[in-house]
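Engineer: I have a structure I would like to understand better, so I am pasting it below and will then ask my questions one at a time.
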Amino acid sequence: GENVEQHPSTLSVQEGDSAVIKCTYSDSASNYFPWYKQELGKRPQLIIDIRSNVGEKKDQRIAVTLNKTAKHFSLHITETQPEDSAVYFCAASITGANSKLTFGKGITLSVRP
Amino acid sequence: DAGITQSPRYKITETGRQVTLMCHQTWSHSYMFWYRQDLGHGLRLIYYSAAADITDKGEVPDGYVVSRSKTENFPLTLESATRSQTSVYFCASSVDSEQFFGPGTRLTVL
């Protein structure tokens, strides 16, 4: 089955700097890669996703890039703000199959004011 | 997000008791999922359902039972709760692989 790994497990950046979170996946058939943000005590919420037919997708301060050859994808957050502090989960799945997502273990991002 | 709800939000029970966690969605999504979230393990899939009366095991199904008689409801039952089942439980529903999570249930087994 699919295996998704996130590294590092924690990341601390200064407010205003950029943050990059990387994930790798194992199943070359995976074609849908979402990122979820989970604030303390809250539910995971989808912030951006990418499908394998594109290499990059942007939404204001966040972007996701996908390298299918290397089987990794990354979340980029520019001009970080304290409210970006949260746990971020990446996931992978095969669309049209059973809609199951395989999640990474999450990374805790801390933005220092 | 108001379209998927979970109840109760908090539950304290004792070892050996049966507990049922409820999940209800108003979007008529075909797929529904149950996850548990523990520190250091991320989100682990317990069971999922493709449609009413169709369920399948996930990564950590032992000790749990699910049913889905109606599309909108997907209850999770712990038949005989154990301390290792203390966790935060999230229900989710899905359309085209995009999953939407409920607010979670924090379960403590004493």
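These protein sequence lines map, in sequence, to chains A and B. Throughout, our numbering is defined as the position within the first sequence, counted from one, plus 6. No gaps in the numbering here: position 10 of the second sequence is -6 in our numbering, and each next residue is one more. Every residue gets a Cβ at the ideal spot worked out from N, C-alpha and C, and that includes glycine.
1. Among A/56, A/76, A/78, A/77, which has the Cα closest to the Cα of residue 68 of chain A?
2. Does the region 93 to 112 of chain A touch the region 35 to 42 of chain A, meaning 3 or more C-beta pairs lie closer than 8 Å?
3. Does residue -8 of chain B come out as helix, strand or coil in the three-state DSSP assignment?
4. On the three-state DSSP scale, how would you describe residue 23 of chain A?
5. Using a Cβ cut-off of 8 Å, pull out every chain B residue sitting near residue 94 of chain A, in sequence order please.
6. Going by alpha carbons, who is nearest to residue 72 of chain A out of A/94, A/17, A/31?
7. Can you tell me whether residue 7 of chain A is buried or exposed? The criterion is at least 16 other CB atoms within 10 Å of its CB, across all chains shown.
8. With three or more beta-carbon pairs closer than 8 Å as the criterion, would you say the region 72 to 83 of chain B touches the region 14 to 23 of chain B?
9. Strictly under 8 Å for the Cβ-Cβ distance: is residue 27 of chain B near chain A by that measure?
10. Got a sec: is the Cβ-Cβ distance from residue 52 of chain A to anything in chain B below 8 Å?
11. How is residue 63 of chain B classed by DSSP in three states: helix, strand or coil?
12. Against chain A, with Cβ distances strictly below 8 Å, would residue 86 of chain B count as a contact?
13. Between residue 68 of chain B and chain A, is the shortest Cβ-Cβ distance under 8 Å, so that the two count as touching?
14. Can you find a C-beta in chain B that's less than 8 Å from the C-beta of residue 106 of chain A?
15. Pull up the distance between the alpha-carbon of residue 27 of chain A and that of residue 114 of chain A, whole angstroms please.
16. Compute the beta-carbon to beta-carbon distance between residue 50 of chain B and residue 39 of chain B, rounded to the nearest angstrom, for a pair I have assumed lies under 8 Å.
17. Are there any heavy atoms of the ligand COA lying less than 7 Å away from the beta-carbon of residue 4 of chain B, as far as the coordinates show?
18. Spatial neighbours of residue 10 of chain B within its chain, please: C-beta separation below 7 Å, excluding the five flanking residues on both sides.
19. Apart from the five residues on each side of it in sequence, which residues of its chain come closer than 7 Å, Cβ to Cβ, to residue 42 of chain B?
20. Which residues of chain A have a Cβ atom closer than 7 Å to the Cβ of residue 56 of chain B, listed in chain order?
Structural biologist: Walking through what the data contain:
1. A/56
2. yes
3. Residue -8 of chain B sits in coil when the DSSP states are folded into three classes, being neither helix nor strand.
4. coil
5. The premise fails here: residue 94 of chain A is roughly 11 Å from chain B at the closest Cβ pair, so nothing lies under 8 Å.
6. A/31
7. By the neighbour-count rule (16 or more Cβ atoms within 10 Å), residue 7 of chain A is not buried but exposed.
8. yes
9. yes
10. yes
11. coil
12. yes
13. no
14. yes
15. For the pair residue 27 of chain A and residue 114 of chain A, the Cα-to-Cα distance works out to about 10 Å.
16. 5 Å
17. Of ligands this structure carries none, so the ligand COA is not represented either.
18. -13, 56
19. Short of 7 Å from the beta carbon of residue 42 of chain B, and not among the five residues preceding or following it, lie these beta carbons of its own chain, in chain order: 29, 30, 31, 32.
20. Simply none; closest approach about 17 Å.
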